[in-house]
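S.K.: Residue numbers (this note's numbering): 1144 to 1475. The C-beta atom is built at its ideal place from N, Cα and C for all residues, glycine as well. Below: one structure in structure tokens.
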Ligand SMILES: Nc1ncnc2c1ncn2[C@@H]1O[C@H](COP(=O)(O)OP(=O)(O)O)[C@@H](O)[C@H]1O
Ligand code: SF4
Ligand SMILES: [Mg+2]
């Protein structure tokens, strides 16, 4: 459904994002993970033309056979909201503080659909109920500040799904919320994705959150996709050294039983920090922070195939213990 090929996003002389190939088949939940500053937001937003004005996007993003790169702002705005819904990190900032909640949902519907008043109102009520907001009828008349952060995010999800999009892009939608509220929003997004066969591109710095929601995980570092594959494989049989560092910084992550305790937990950090845009080393961008660096790492790593749908870019990958691969596939 969504096919990305050779997507580059540049600001001035610096290429911030460089993704050779990434597909989101219809109804699939893809999680993008990486530390803050890895280029997750820039990647997700450039797909729907929401990159900063100073950024230049090249390459190809095809959504149901329609090319999105190079579309006018007006056409992209049509695609957003109707075909692709978008939700952001801070719900309070995304809502209009001066407008009642019901009206904001109605406006979102009216942008793309022409409905008579009574049907519009019924649709607003239906959407607020679908995102499990209690007492939707009275909630419609409230202003955003009268809602909790979790309720505000549910309203934004209602707005994003108002026109039955085939893909929802969610950039850290739970990061600003309490841990218990986060879990509720994650369950809601998973439920909506399954019921509506709606694809999800979910972005988070939190591997616990990503593991909870994703069928496929993409790991980004320095604006590049360094590993991509089925969620279990990427976490339990990480090949790239950066993925392994993320997993090791989250003890217990591969343990499904304790998943609930892991979401939102602050854990050990990877040594060093993500460099500024103009400070990445040549070759593999993780050089300098990687404990397994070898001479070849000074060259840009090529894509290697680890298994079905599982790829990575590392010159000195984690070796997989013989036999464990088959066991994992059989268990999943
Ligand atoms: N508007 C902007 N102008 C210039 N550089 C930016 C802008 N927004 C983000 N960047 C840079 O792009 C890189 C990736 O940022 P971002 O996509 O926001 O990372 P993430 O979402 O993973 O935290 C960072 O180096 C950041 O400083
Ligand atoms: S390519 Fe080299 S520096 Fe980069 S992650 Fe792999 S081993 Fe480390
Ligand atoms: Mg971000």
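Note the first and the last residue of the continuous alpha helix (DSSP H) segment covering residue 1269.
M.R.: Note, residue 1269: alpha helix (DSSP H), 1260-1273.
S.K.: Just list the residues that DSSP pairs residue 1382 with in beta bridges.
M.R.: Here residue 1382 is not bridged, per DSSP, to any residue.
S.K.: Report the three-state DSSP secondary structure of residue 1328 (helix, strand or coil).
M.R.: Residue 1328: helix per DSSP, three-state reduction.
S.K.: Quick one: measure Cβ to Cβ for residue 1240 and residue 1299, integer angstroms, because I've assumed they're closer than 8 Å.
M.R.: With a Cβ gap of about 14 Å, residue 1240 and residue 1299 do not count as contacting.
S.K.: Taking the alpha-carbon positions, what's the residue 1280 to residue 1343 distance?
M.R.: 28 Å
S.K.: Three-state secondary structure (DSSP) at residue 1302?
M.R.: helix
S.K.: With a Cβ-Cβ cutoff of 9 Å, do residue 1302 and residue 1247 count as a contact?
M.R.: yes
S.K.: Helix, strand or coil: which one does DSSP assign to residue 1255?
M.R.: Of the three classes helix, strand and coil, the one that applies to residue 1255 here is helix, per DSSP.
S.K.: Hey, out of 1289, 1345 and 1156, whose CA is closest to residue 1171's CA?
M.R.: 1345
S.K.: Could you name the residues that DSSP lists as bridge partners for residue 1158?
M.R.: BP columns for residue 1158 point to 1153.
S.K.: Going by the beta-carbon positions, is the gap between residue 1317 and residue 1347 smaller than 9 Å?
M.R.: yes
S.K.: How should residue 1155 be labelled, buried or exposed, when 16 other C-beta atoms within 10 angstroms of its C-beta is the threshold for buried?
M.R.: exposed
S.K.: Measuring only the C-alpha atoms, how far is residue 1373 from residue 1173?
M.R.: 9 Å
S.K.: Indicate the three-state DSSP secondary structure (helix, strand or coil) for residue 1453 in the structure shown.
M.R.: strand
S.K.: Drop a sphere of 10 angstroms on the beta-carbon of residue 1455, count the other beta-carbons inside from all chains shown, and report buried for 16 or more, exposed for fewer.
M.R.: buried
S.K.: In terms of alpha-carbon separation, which member of 1167, 1324 and 1427 lies closest to residue 1291?
M.R.: 1324
S.K.: Here's the rule: buried if 16 or more other CB atoms are within 10 angstroms of the residue's CB, otherwise exposed. What is residue 1367?
M.R.: buried
S.K.: With a Cβ-Cβ cutoff of 9 Å, do residue 1199 and residue 1222 count as a contact?
M.R.: no
S.K.: Does ligand 2 have a heavy atom nearer than 8 Å to the CB of residue 1385?
M.R.: yes
S.K.: According to DSSP, simplified to helix, strand and coil, what is residue 1216?
M.R.: If DSSP states are grouped into helix, strand and coil, residue 1216 belongs with the helices.
S.K.: Give the secondary structure of residue 1333 by DSSP, where H, G and I count as helix, E and B as strand, and everything else as coil.
M.R.: helix
S.K.: What does DSSP give as the partner residue(s) for residue 1175 in the beta ladder?
M.R.: 1346 and 1361
S.K.: Can you tell me where the beta strand (DSSP E) holding residue 1280 begins and where it ends?
M.R.: Run containing residue 1280: none in the beta strand (DSSP E); it sits in the alpha helix (DSSP H), 1279-1282.
S.K.: Based on DSSP bridge pairs, tell me the residues matched to residue 1447.
M.R.: 1455
S.K.: Measuring CA to CA, which of 1180, 1258 and 1295 is closest to residue 1274?
M.R.: Considering only alpha carbons, the answer is 1295.
S.K.: Kindly indicate which residue of 1453, 1462 and 1463 has the alpha-carbon position closest to the one of residue 1166.
M.R.: 1453
S.K.: Buried or exposed: which applies to residue 1360, given that a residue is buried once 16 or more other Cβ atoms fall within 10 Å of its Cβ?
M.R.: buried
S.K.: Return the bridge partner residues of residue 1373 from the DSSP annotation.
M.R.: 1359
S.K.: For the beta strand (DSSP E) containing residue 1189, name the first residue and the last one.
M.R.: Per DSSP, residue 1189 belongs to no beta strand (DSSP E); it is in the alpha helix (DSSP H), 1183-1190.
S.K.: Could you check whether the Cβ of residue 1151 sits closer than 8 Å to any heavy atom belonging to ligand 1?
M.R.: no
S.K.: Could you check what DSSP says for residue 1432 in three-state terms: helix, strand or coil?
M.R.: DSSP places residue 1432 in coil when its eight states are reduced to three.
S.K.: Give the secondary structure of residue 1420 by DSSP, where H, G and I count as helix, E and B as strand, and everything else as coil.
M.R.: In the structure shown, residue 1420 adopts helical secondary structure according to DSSP, grouped into three states.
S.K.: Would the beta-carbon of residue 1459 be found less than 8 Å away from any heavy atom of ligand 2?
M.R.: yes
S.K.: Report yes if the C-beta distance between residue 1356 and residue 1332 is below 9 Å; otherwise report no.
M.R.: yes
S.K.: When DSSP builds the beta bridges, which residues end up paired with residue 1230?
M.R.: DSSP, once it has assigned bridges, lists 1313 as partnering residue 1230.
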